[in-house]
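A.B. asks:
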Amino acid sequence: MFQLTDKIIDENELKRLVMDERAGAIVTFDGRVRNHNEGKAVSALAYEAYDELAINEGEKIIKEAMARFAIVNVAAAHRTGDLAISDVAVFVAVSSAHREDAFKACRFVIDEIKSRLPIWKREAYEDGSSVWVNCQTCGAHSDREAPHKVHHSERSERSEHAVKSQTA
Amino acid sequence: MSELVGKTVRIRYFALLREERGLSAETISTEAATVGQLYNEMRSKHDFSLPQDRMSVAINDQFANWSEKLNDNDVVVFVPPVAGG
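Chains as they are written, first to last, in the working numbering: chain W, 1 to 168; chain D, 169 to 253.
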């Protein structure tokens, strides 16, 4: 189950959804809004999603996880709209007979969500500026220190992408 | 042959592109044969900042290749670099 929501993510409900008598382990991940990104103090952020494609792609990721790992169930949710510091932006819950499979699948699902879903983040900073994260171009003026780094790490290197993103 | 015939397509804009275009969606006539050609056409017309190689594209709510043929009544979304999670 994958959902997009503009309401607070109900973590307990998602955990309940994956609970199963065959599952000895449930692994969850919550990605939260951090108060800083790339050296700048973040005051707030908003997520914008292309809903139809995000849901199609989110469901695909869930199916891929079910096919790739020995897990019982998986559920994930992503927020849209305005979020405050420490709000949950994304949540993943995976159940499996043994913990190893749930850990691996949970990691897979959050990494795929971050790299594939058509969701964009507008970050507002304490200094009054704001930016669409990852969308800076070399030519465009930017108040980031190193737009090139963000630029080139974007597609090819997922791990770097994850580090640069604001949550997780 | 068919590539020379004009098509009517719907383009939806999100995030940075929505702001650069000043619109969430528009219906246009185009002679572009592929979605890649359509992006180039719209980029030169509206000065979009993002080059095609930093973007993805979706046709009718599914990811597609830039070389995909454009059909009449397609709904096209140019997908700027994502930043979910």
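In this text, a Cβ means the ideal position worked out from N, Cα and C, and glycines have one as well.
Anyone know if the C-beta pair for residue 106/W and residue 184/D falls short of 8 angstroms?
C.D. replies: No; because the gap between Cβ atoms is not below 8 angstroms, this pair is not in contact.
A.B. asks: Under a Cβ-count criterion, where at least 16 other Cβ atoms within 10 Å of its own Cβ denotes burial, should residue 223/D be classed as buried or exposed?
C.D. replies: Looking at its Cβ environment, which holds 16 or more other Cβ atoms inside 10 Å, residue 223/D is buried.
A.B. asks: How is the alpha helix (DSSP H) around residue 53/W delimited, first residue to last?
C.D. replies: First-last of the alpha helix (DSSP H) with residue 53/W: 51-68.
A.B. asks: Shortest alpha-carbon distance to residue 68/W belongs to which of 109/W, 16/W and 52/W?
C.D. replies: Among 109/W, 16/W and 52/W, the Cα nearest to that of residue 68/W is on 109/W.
A.B. asks: Looking at chain D, is there any beta carbon in it that lies within less than 8 angstroms of the beta carbon of residue 83/W?
C.D. replies: By this cut-off, residue 83/W is not an interface position.
A.B. asks: Under 8 angstroms between the Cβ atoms of residue 118/W and residue 76/W?
C.D. replies: Taking 8 angstroms as the Cβ cut-off, residue 118/W and residue 76/W do not qualify as a contacting pair.
A.B. asks: Can you give the Cα-Cα distance for residue 87/W and residue 51/W, rounded to whole angstroms?
C.D. replies: Whole-angstrom Cα-Cα distance: 20 angstroms.
A.B. asks: Just the C-alpha distance for residue 195/D and residue 20/W, rounded to the nearest angstrom, thanks.
C.D. replies: Going from the Cα of residue 195/D to the Cα of residue 20/W covers about 48 angstroms.
A.B. asks: What residues in its chain sit with their C-beta under 7 angstroms from that of residue 3/W, if we drop five residues either side in the sequence?
C.D. replies: Same-chain partners within the cutoff: 77.
A.B. asks: Ignoring anything shorter than 3 residues, give me the beta strand (DSSP E) runs that lie fully in the stretch 69-134 of chain W, in order along the chain.
C.D. replies: Listed in chain order, the complete beta strand (DSSP E) runs (minimum 3 residues) inside the stretch 69-134 of chain W are 73-79, 81-83, 88-96, 119-125 and 130-132.
A.B. asks: Comparing alpha-carbon positions, which option in 232/D, 243/D and 187/D lies nearest residue 120/W?
C.D. replies: It is 187/D whose Cα lies nearest to the Cα of residue 120/W.
A.B. asks: For residue 128/W and chain D, any beta-carbon pair shorter than 8 angstroms?
C.D. replies: No, its Cβ sits nowhere closer than 8 angstroms to a Cβ of chain D.
A.B. asks: Once you ignore the five residues that flank residue 59/W on each side, which residues in its own chain have a CB closer than 6 angstroms to its CB?
C.D. replies: Cβ neighbours of residue 59/W beyond the five flanking positions: 2.
A.B. asks: On the criterion of 16 or more Cβ atoms from any shown chain inside 10 Å, does residue 101/W qualify as buried, or is it exposed?
C.D. replies: Buried, by the Cβ-count rule.
A.B. asks: Once you ignore the five residues that flank residue 243/D on each side, which residues in its own chain have a CB closer than 6 angstroms to its CB?
C.D. replies: Excluding positions up to five away in sequence, the list reads 178 and 228.
A.B. asks: With a threshold of 16 other CB atoms inside 10 Å of the CB of residue 80/W, please say whether the residue is buried or exposed.
C.D. replies: Burial call: buried.
A.B. asks: Check whether the Cβ of residue 135/W lies closer than 8 angstroms to any Cβ atom in chain D.
C.D. replies: Answer yes: the Cβ-Cβ gap between residue 135/W and chain D drops below 8 angstroms somewhere.
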